[in-house]
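>
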Amino acid sequence: MKCWSALGLCVLVWGCTSEEPFYNSAPTAWRFLVLTDAPALQLREEPGSKLLHADLYVEANGTPMGDPPSTAVFFRNALYLLLQTAALEVLDTASYRRRARIALPAPAAGIVFPNATTGYLWHPTTQQLSVLDLLVPTLARSIPLEGSPRWAVAAEGQLFVLDEANSRLLVFDTRSLRVVDSLPLPPRPCTAVLRSHGSELLVLSTGSGDDTTASAPRAPRLSFVELEPLRLLASIPVFPSAADSAHVRVTGLVATPEDFAYVGTSAGLLRVDIRTRGSVRLLQRWAVQQLSAVPVRGELWIVSAETPPRLIIATGTRAEVLLSAPLPEGTRAVVPIP
Numbered sequence: 322m323k324c325w326s327a328l329g330l331c332v333l334v335w336g337c338t339s340e341e342p343f344y345n346s347a348p349t350a351w352r353f354l355v356l357t358d359a360p361a362l363q364l365r366e367e368p369g370s371k372l373l374h375a376d377l378y379v380e381a382n383g384t385p386m387g388d389p390p391s392t393a394v395f396f397r398n399a400l401y402l403l404l405q406t407a408a409l410e411v412l413d414t415a416s417y418r419r420r421a422r423i424a425l426p427a428p429a430a431g432i433v434f435p436n437a438t439t440g441y442l443w444h445p446t447t448q449q450l451s452v453l454d455l456l457v458p459t460l461a462r463s464i465p466l467e468g469s470p471r472w473a474v475a476a477e478g479q480l481f482v483l484d485e486a487n488s489r490l491l492v493f494d495t496r497s498l499r500v501v502d503s504l505p506l507p508p509r510p511c512t513a514v515l516r517s518h519g520s521e522l523l524v525l526s527t528g529s530g531d532d533t534t535a536s537a538p539r540a541p542r543l544s545f546v547e548l549e550p551l552r553l554l555a556s557i558p559v560f561p562s563a564a565d566s567a568h569v570r571v572t573g574l575v576a577t578p579e580d581f582a583y584v585g586t587s588a589g590l591l592r593v594d595i596r597t598r599g600s601v602r603l604l605q606r607w608a609v610q611q612l613s614a615v616p617v618r619g620e621l622w623i624v625s626a627e628t629p630p631r632l633i634i635a636t637g638t639r640a641e642v643l644l645s646a647p648l649p650e651g652t653r654a655v656v657p658i659p
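Each residue of the sequence shown is one higher than the last, beginning at 322 in our numbering.
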């Protein structure tokens, strides 16, 4: 079994410097989008469990969305909705009116933006990338890959693509539009984040809790990859209990520039000291369905795997809870509004 789909939502980076909370002033209200199975695009506000708009998409466009979204990503003045079917919708963030609906060669697992005019989508089932022209917007071309792309990170004119099936990192050059290098990784890499200095990539790999094809128990691992020259610096298990780690499912990764990585799992929220490449600590025993972050406020956003699910907003290196509020049944993902 692969990583939960919430991994495709968002992996972000913010700054902190010590064991003290790195943001001390919570906003008076949080507004966010909720993607539901209906499908619907809700606008909610906390505290108070306020439903501001039951379906922004219908209100703005006059018709239902049609297909449930698997991922939503804000970029500049647009919201990109990846639908479970092979389609992408581009909405204006001021009005939520649809700018474009683009047919894709296959369902996309995620989207990344290497610059202001281009987006790249990846398609695991057909083993290819799609290039999106953001100015029109339209699909410019599709590019086959020898592998199954699970995640991608953009930096310095390159895409660093996780090939889950072959357990490797592919370096894709966006100028020549080809793979120029590769690196073996621990089995089943599923998500990654670029550190703020841009020279190192953190890669999270699933354990046997996510991989039913594993021949032996295997712990999830966090790998440290140097980008120039391309090499694996270290790889560590991310669950403090070796006996339990093989049964843990991983659900997300965020990181600070210098200090810590936070890993969402089915058994809790973990903190890894990335300065020493070790010292894994279980911070909270939440069953994490989705993990994302709001960098400018130093907040972790967690959707818990309860029935019904809950939204937990936490801050500080110890993940002190600022808010815990119920979410509607059928919640697929939560998207913080920038």
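C-beta atoms are modelled at their ideal positions from N, C-alpha and C, and glycine is treated no differently.
Three-state secondary structure (DSSP) at residue 415?
Here residue 415 sits in coil by DSSP.
> Quick check on the DSSP output: the beta strand (DSSP E) that includes residue 475 runs from which residue to which?
It spans 470-476 - the beta strand (DSSP E) in which residue 475 sits, taken as one unbroken run.
> Residue 491 and residue 500: beta carbons closer than 8 Å?
Cβ distance < 8 Å, so residue 491 and residue 500 count as in contact.
> Could you give the DSSP three-state label for residue 580: helix, strand or coil?
In this structure, residue 580 counts as coil in the three-state DSSP scheme.
> What residue range does the beta strand (DSSP E) around residue 377 cover?
Note, residue 377: premise wrong, no beta strand (DSSP E); alpha helix (DSSP H) at 377-382.
> Using 10 angstroms around the beta-carbon of residue 415, count the other beta-carbons present and answer buried if the total reaches 16, otherwise exposed.
Looking at its Cβ environment, which holds fewer than 16 other Cβ atoms inside 10 Å, residue 415 is exposed.
> Residue 542 by DSSP, collapsed to three states: which one?
Three-state DSSP puts residue 542 in a strand.
> Just the Cα atoms here: how many angstroms apart are residue 626 and residue 567?
Computed Cα separation, rounded: 19 Å.
> Looking at residue 475: is its Cβ nearer than 8 Å to the Cβ of residue 433?
Their beta carbons are under 8 Å apart, which means residue 475 touches residue 433 by this criterion.
> Starting from the C-beta of residue 472, find all residues in its chain whose C-beta is less than 6 Å away, skip the five residues before and the five after it, and write them out in chain order.
Closer than 6 Å at the Cβ level, and outside the excluded window around residue 472, lie 483, 512 and 513.
> Would you kindly check if the distance between the Cβ of residue 543 and the Cβ of residue 569 is under 8 Å?
Their beta carbons are not under 8 Å apart, which means residue 569 does not touch residue 543 by this criterion.
> Taking Cβ positions, are residue 362 and residue 377 nearer each other than 8 Å?
In this structure, residue 377 lies closer than 8 Å to residue 362 by Cβ.
> Rounded to whole angstroms, what is the Cα-Cα separation between residue 481 and residue 452?
Taking the straight line from one Cα to the other gives about 15 Å.
> Rounded to the nearest angstrom, how far is the Cβ of residue 438 from that of residue 456, given a contact under 8 Å?
With a Cβ gap of about 6 Å, residue 438 and residue 456 count as contacting.
> Excluding five sequence neighbours on each side, which residues of the same chain lie with their C-beta closer than 8 Å to the C-beta of residue 552?
So the list reads 504 and 546, once near-sequence residues are dropped.
> Helix, strand or coil for residue 657, going by three-state DSSP, please let me know.
Looking at residue 657 - three-state DSSP - the assignment turns out to be strand.
> Hey, would you say residue 422 sits closer than 8 Å to residue 412, going by beta carbons?
No, the Cβ-Cβ distance between residue 422 and residue 412 is not below 8 Å.
> Here's a check: name, in chain order, each residue in its chain whose Cβ is nearer than 6 Å to the Cβ of residue 520, leaving out the five neighbours to either side.
548.
> Select from 427, 392 and 488 the residue whose C-alpha is nearest the C-alpha of residue 447.
Of 427, 392 and 488, the residue nearest in Cα terms is 427.
> Taking buried to mean at least 16 other C-beta atoms within 10 Å of its own C-beta, is residue 534 buried or exposed?
Exposed.
> For residue 373, which residues of its own chain have a beta-carbon under 7 Å away from its beta-carbon, when the five flanking residues on both sides are left out?
For residue 373, where only same-chain residues beyond five positions count, the Cβ hits under 7 Å are 364, 365 and 366.
> With 16 as the cutoff for other CB atoms within 10 Å, does residue 328 come out buried or exposed?
Confidence at residue 328 is low in this model, with a pLDDT of 47, below 50, so its placement is unreliable and the value that follows should be read with caution. Classification of residue 328: buried, given that the 10 Å Cβ count is 16 or more.
> Would DSSP call residue 520 helix, strand or coil?
Residue 520 falls in the coil class under three-state DSSP.
> Expressed to the nearest angstrom, what Euclidean distance is found between the alpha-carbon atoms of residue 342 and residue 593?
Residue placement at residue 342 is flagged as unreliable, the pLDDT there being 39, under the threshold of 50; a coordinate-derived value is accordingly withheld.
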